[in-house]
Structures are given as structure tokens and as C-alpha cells.
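Engineer: This is the structure I have questions about; it appears just below.
Protein chains: 2
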Amino acid sequence: MTNTVQKRTLKTRAKLLDAARQVVEEMGYPGLRTEEVVKRAGTAKGTFFAHFPDKDGLLDHLIGADMDGILDQMQAKTRPQTVQDLIDSLMPLVRYMGSERAVFDVIIRRSGAAAIEDIGPIAVTFERQFTLFSEWMRTPRFRQDVAPELLAEGIQAFVVQAIALNFCALHNTLDLPDRLGPYLEAWLTPGPPT
Amino acid sequence: MTNTVQKRTLKTRAKLLDAARQVVEEMGYPGLRTEEVVKRAGTAKGTFFAHFPDKDGLLDHLIGADMDGILDQMQAKTRPQTVQDLIDSLMPLVRYMGSERAVFDVIIRRSGAAAIEDIGPIAVTFERQFTLFSEWMRTPRFRQDVAPELLAEGIQAFVVQAIALNFCALHNTLDLPDRLGPYLEAWLTPGPPT
DNA sequence: ATTAGATATTGACCATGGTCATTTTTGGTG
DNA sequence: CACCAAAAATGACCATGGTCAATATCTAAT
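Residue numbers (the working numbering), protein chains in the order written: chain C, 19 to 212; chain A, 19 to 212.
What follows is the structure, encoded as C-alpha cells:
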């Protein structure tokens with residue numbers, strides 16, 4: 019019994035991803051149509067859905083790859099020493115996540131998965147974030163009364179909150195770093211307790 | 019020039035909402051089809067979209083109404099005095115928000131709006147939450163070094179985070195209140211600073 | 001080189017959300 | 001009551017994501 023991935027599979031997948039990037043470039047995420055992707059890739063529609071479970075699956079790959087690149091940059095830097103430092107380090111990721119409503123929506127939808135087998139690239143980057151942030155928190159510069167992992171999850175929560183509020187007409191008065199600042203100050207370097 | 023809302027408008031809208039509730043009852047949110055709603059309401063499809071901007075708009079109303087009811091209950095209670103107390107008060111809302119993936123997704127998508135004019139029922143309940151939580155935070159039982167409003171936004175962020183992780187295969191090991199506990203302890207009653 | 005079975009591709013087809021020009025109903029006015 | 005303009009309802013139609021039985025292609029074994 020053969021059970022190999024054929025070479026053309028990788029080629030076709032690459033063609034689809036390239037075509038998709040091109041379409042996003044030209045029409046933006048809201049203008050992305052599977053028909054158009056398939057047309058440019060020179061494949062049939064069915065091929066698309068043999069490679070990706072659905073349109074979200076494609077977006078997951080495109081956006082996940084971008085996020086992975088940003089995380090590479092972040093990982094190359096030294097551990098942030100202050101909250102301001104942390105925000106500076108976070109901003110590339112935060113700006114990307116909040117760059118478009120369509121992007122943010124996909125990221126939120128795919129940041130976790132109901133089953134292990136459909137964990138996609140974005141969900142993987144969230145695990146990477148978690149690991150990286152946990153590592154960053156292992157310093158006396160930030161509060162020591164709770165585990166670094168908990169602090170890391172909190173950072174993720176506040177990043178999402180800040181971006182979400184920034185998309186909201188009632189709350190988009192503040193710039194992203196200005197919104198993130200108070201959250202993270204309060205979370206990571208709390209003042210005197212009551 | 020007449021410029022009034024006709025009586026039948028309200029009737030039709032009520033029929034649509036009733037029909038929708040019925041369909042959700044029978045098939046759940048994932049099984050909700052506009053065709054089915056319209057059929058049961060005895061109207062044409064176009065009528066549906068004259069009353070709601072899109073399917074999400076209908077869900078916004080259904081879910082927003084539920085959340086409003088829960089907030090009524092919460093508002094009737096006295097101000098929570100401890101984190102555990104707070105969690106108990108929050109749980110009805112949290113359980114509802116996390117009851118189904120489909121419900122959570124709509125809530126997240128509609129918790130804010132890009133333009134004032136398309137703020138829907140769910141977005142309104144998020145403002146209500148914010149006001150209520152801010153009020154709850156006006157007590158020396160919780161940390162005093164940051165504004166109650168900031169604490170309130172943090173509570174919202176952690177509620178969303180807890181529910182999101184609970185839907186994720188990699189993280190759904192903890193029960194919701196057990197996940198929320200550490201977050202809110204750390205957020206509202208931080209230990210000795212570094 | 002042939003063949004068999006696994007793997008990949010195809011495109012007609014379906015399901016469903018959403019549109020809009022047309023028709024019907026409403027309620028105020030002379 | 002008859003009339004009219006605004007408001008509401010209609011349903012054929014469109015756009016687009018997704019399916020699947022049929023077909024083509026690959027690869028390994030002989």
C-alpha cells in the first residue's frame with residue numbers, strides 16, 4: 019500500500035496560496051473569492067476544497083504565516099524590561115492583528131480549535147505567543163505573586179480586548195498602545211494592594 | 019407627508035422573532051435558516067431583510083434579549099464583596115456566553131460596532147456590563163490603585179479569554195469558574211508588589 | 001513496461017444568504 | 001368615500017461557499 023504525498027500536491031497548494039496572496043493584495047481580504055483564487059491558480063474549485071477544509075482554512079494559512087513571521091522577529095529580541103518595553107515589543111503583532119476587521123475576525127475564530135486535529139497555523143501561533151510571553155514574564159521586573167503563565171494569558175486577553183475596543187465606534191478614541199498601556203501596567207506592575 | 023411606523027411592522031417583526039426562537043429551539047443556532055424562519059413567520063424572504071440587515075442582525079436581537087434578561091438578574095443583586103462572590107454573580111452571564119460556539123461567535127462579532135448607527139442589542143449589553151462592573155468595583159474590597167472602569171474592562175477581557183480557552187481543545191481542561199478564579203484574583207486583589 | 005490501487009483533480013451541482021424592481025397595504029386628507 | 005404618497009411586503013433572482021461522483025494521474029511492486 020502506497021501512502022505518500024505526491025509532488026504535485028505541494029505544487030498545487032503553493033499555486034493556490036500564491037494566487038490567494040495575489041488576490042488579497044489586489045482586492046483585500048473582504049474581496050477574496052474562492053472562484054478568483056481558483057481561476058488564478060489554474061485549478062478547479064474542488065481542488066481548492068481538497069486542500070483546505072473551507073475558506074477560513076485558507077485564511078488561517080495566510081494570516082498564520084504572517085503572524086509566524088512577526089513572532090520570529092519578536093523572539094529574536096531580548097526580554098522586555100519594562101511595560102513600555104513590552105508594549106514596544108508587542109506592537110508589531112498587535113498592529114497586524116488589528117489591521118483589518120476581517121483579519122481580526124479570522125484570528126479570533128481560529129485562535130483555538132474544538133479538536134486537536136483541526137488546530138491550524140493561527141492556533142499554533144497563539145501557543146507560540148503563550149510560550150514566549152511566559153518566558154518574558156520570568157523576571158523580577160514584573161509581578162511575582164502569580165505564575166508567569168497566568169501573566170502570559172492575561173497579556174493575550176488584554177491584547178484582544180484592546181483591539182476589539184479599537185474597532186468599536188464607542189471606544190476607538192485611544193490609540194492602540196495608549197489603550198494597552200494602562201491594562202498592562204495594572205496587570206504586570208500593580209501598585210500597593212488595598 | 020406621513021412618516022410613521024405602521025402597526026403591521028411591529029407585528030411582522032414579532033412574527034419573525036417568534037419564528038426564529040422556535041427554529042432555534044428545534045434545530046439549534048447552527049440549524050437556523052432564514053428560509054425556515056420566513057416560512058414559519060408566513061412572510062417573504064425580502065421581508066426578513068427589510069427588518070434585519072442580515073442574519074447576524076436577527077441573532078443579535080435574540081441573543082441580546084437573553085443577555086439583557088441575565089443582566090437584569092445581575093443588577094438586582096447586591097454588590098459582590100469578594101472575588102468568589104463576583105464569580106458567582108458573573109456565572110449566569112458567562113455560562114450563557116459560553117453555552118455554544120455559535121452563540122459566543124455572534125457575541126464577539128457584535129460586542130462592538132464600527133459605526134454608532136449599527137450598534138445592536140449585544141453591543142448595548144456590553145455597555146451595560148461595563149457600567150455594572152464599574153459600579154461593582156467601587157469598593158475597597160478590590161484594588162484601589164486603578165480606576166474602577168479599568169477594572170471593569172479587565173473583567174470583560176478575562177471573561178472572554180476564559181470562554182475562548184474553554185472552547186479550545188488544548189485548554190478545555192478546567193471548568194469555567196476555575197479558570198476565571200485565578201484571573202480575577204490576580205486582577206482584582208493582587209498580592210504584594212515586586 | 002504493465003498494472004493496480006492509492007492519490008489528486010475536475011466541474012456540474014447544490015444550499016443558503018442576500019438584493020431589488022414591482023406590487024400591495026396603510027393611513028391621512030379633501 | 002376616493003385618492004394619494006409613503007411604507008411595507010413580495011418573490012424571482014443573484015452571488016458565493018461548499019459537495020461529490022466521476023475521471024485522471026501518480027507510484028510502487030512485479
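Note that beta-carbon positions come from the ideal geometry of N, C-alpha and C, so glycine has one too.
Just to confirm, are A:L150 and A:M92 a CB contact at a threshold of 8 Å?
Structural biologist: yes
Engineer: Please list the segments of the alpha helix (DSSP H) lying wholly inside the segment 84 to 165 of chain A, counting only runs of 4 or more residues, in order along the chain.
Structural biologist: Here the runs fully enclosed are 101 to 115, 119 to 128, 139 to 154.
Engineer: Which of helix, strand or coil does DSSP assign to A:V178?
Structural biologist: helix
Engineer: Note down, in chain order, each residue of its chain lying with its Cβ closer than 6 Å to the Cβ of C:Q99, except the 5 sequence neighbours on either side.
Structural biologist: R159
Engineer: Is C:V23 helix, strand or coil by DSSP?
Structural biologist: coil
Engineer: Using 10 angstroms around the beta-carbon of C:R26, count the other beta-carbons present and answer buried if the total reaches 16, otherwise exposed.
Structural biologist: The residue in question, C:R26, is exposed, as its Cβ has fewer than 16 Cβ neighbours within 10 Å.
Engineer: Report the three-state DSSP secondary structure of A:T212 (helix, strand or coil).
Structural biologist: Only weak support exists for where A:T212 lies, its pLDDT of 46 falling under 50; the value from the coordinates is given anyway. Note: A:T212 maps to coil in three-state DSSP.
Engineer: So with CB distances below 9 Å, who are the chain C contacts of A:F151?
Structural biologist: Ordered by position in chain C, no residue passes the 9 Å Cβ test against A:F151, which lies about 13 Å from the chain.
Engineer: Using a beta-carbon distance below 8 Å, is C:R161 in contact with chain A?
Structural biologist: Under the Cβ criterion of 8 Å, C:R161 is counted among the residues facing chain A.
Engineer: Go through its chain and collect everything with a Cβ distance to A:A37's Cβ below 6 Å, but skip five positions before and after it.
Structural biologist: Within the same chain, A:A37 has close Cβ partners V55, R58, A59.
Engineer: Check each candidate in A:Q147, A:T143, A:I137 and name the one with the smallest Cα separation from A:F70.
Structural biologist: A:I137
Engineer: Could you tell me the alpha carbon to alpha carbon distance between C:R128 and C:I140, rounded to whole angstroms?
Structural biologist: Between C:R128 and C:I140, the C-alpha separation is close to 6 Å.
Engineer: Within 10 Å of its beta-carbon, does A:P208 have 16 or more other beta-carbons around it, so buried, or fewer, so exposed?
Structural biologist: It is buried - the Cβ of A:P208 has at least 16 other Cβ atoms within 10 Å.
Engineer: Check each residue of the segment 125 to 141 of chain C: if its Cβ is closer than 8 Å to any Cβ of chain A, include it; give the result in chain order.
Structural biologist: I126, R127, S129, G130, A131, A132, A133, I134, I137, A141
Engineer: Taking just the CA atoms, how far does A:K33 sit from C:Q174?
Structural biologist: 42 Å
Engineer: Within 8 Å (strictly less), CB to CB, does A:M19 reach chain C?
Structural biologist: Its pLDDT being 45, under 50, A:M19 is placed unreliably in this model, and the value from its coordinates should be taken loosely. For A:M19, no Cβ of chain C is located within less than 8 Å of the residue's own Cβ.
Engineer: Classify A:L35 as helix, strand or coil using the three-state DSSP reduction.
Structural biologist: helix
Engineer: Taking C-alpha atoms, which residue in C:W154, C:R39, C:G130, C:R197 lies nearest to C:R97?
Structural biologist: C:W154
Engineer: Hey, out of C:L111, C:S152, C:E53, whose CA is closest to C:A83's CA?
Structural biologist: C:L111
Engineer: Return the first residue and the last residue of the alpha helix (DSSP H) that C:P195 is part of.
Structural biologist: 194 to 206
Engineer: Of all the residues that make up the segment 176 to 189 of chain C, which are near chain A by a beta-carbon distance shorter than 8 Å?
Structural biologist: F176, V178, Q179, A182, L183, F185, C186, A187, L188, H189
Engineer: Take A:I181 as the anchor and find which of C:I126, C:E167, C:F66, C:D163 has the nearest alpha-carbon.
Structural biologist: C:I126
Engineer: What does a CB cutoff of less than 8 Å around A:F122 pick up in its chain, not counting 5 residues either side in sequence?
Structural biologist: M115, G116, I181, A182, F185
Engineer: Give the straight-line distance between the Cα atoms of A:V23 and A:K29, rounded to the nearest whole angstrom.
Structural biologist: 11 Å
Engineer: Could one say the Cβ of C:W205 lies closer than 8 Å to chain A's Cβ atoms, at least one of them?
Structural biologist: yes
Engineer: Buried or exposed for C:Q147, going by 16 or more other Cβ atoms inside 10 Å?
Structural biologist: buried
Engineer: Starting from C:F70, trace the alpha helix (DSSP H) both ways and give me its first and last residue.
Structural biologist: Following the DSSP letters along the chain, one finds C:F70 in no alpha helix (DSSP H), marked with neither H nor E.
Engineer: Whose C-beta lies closer than 7 Å to the C-beta of C:R156 among residues of the same chain, with five residues either side of it excluded?
Structural biologist: Closer than 7 Å at the Cβ level, and outside the excluded window around C:R156, lie P166.
Engineer: How about A:V42: is its C-beta nearer than 8 Å to some C-beta of chain C?
Structural biologist: It does not: the Cβ of A:V42 has no partner Cβ on chain C nearer than 8 Å.
Engineer: Is the CB of C:Y47 under 8 Å away from at least one CB in chain A?
Structural biologist: no
Engineer: Once you ignore the five residues that flank A:H79 on each side, which residues in its own chain have a CB closer than 6 Å to its CB?
Structural biologist: Hits under 6 Å: P139.
Engineer: In whole angstroms, give me the CA-to-CA distance for A:A120 and A:L202.
Structural biologist: For A:A120 and A:L202, the distance between alpha carbons rounds to 26 Å.
Engineer: Can you tell me which of the three DSSP states A:G172 falls into?
Structural biologist: Helix at A:G172.
Engineer: 8 Å is my cut-off, CB to CB: does A:G172 come that close to chain C?
Structural biologist: yes
Engineer: Is C:V164 close to chain A, meaning its C-beta is less than 8 Å from at least one C-beta of that chain?
Structural biologist: yes
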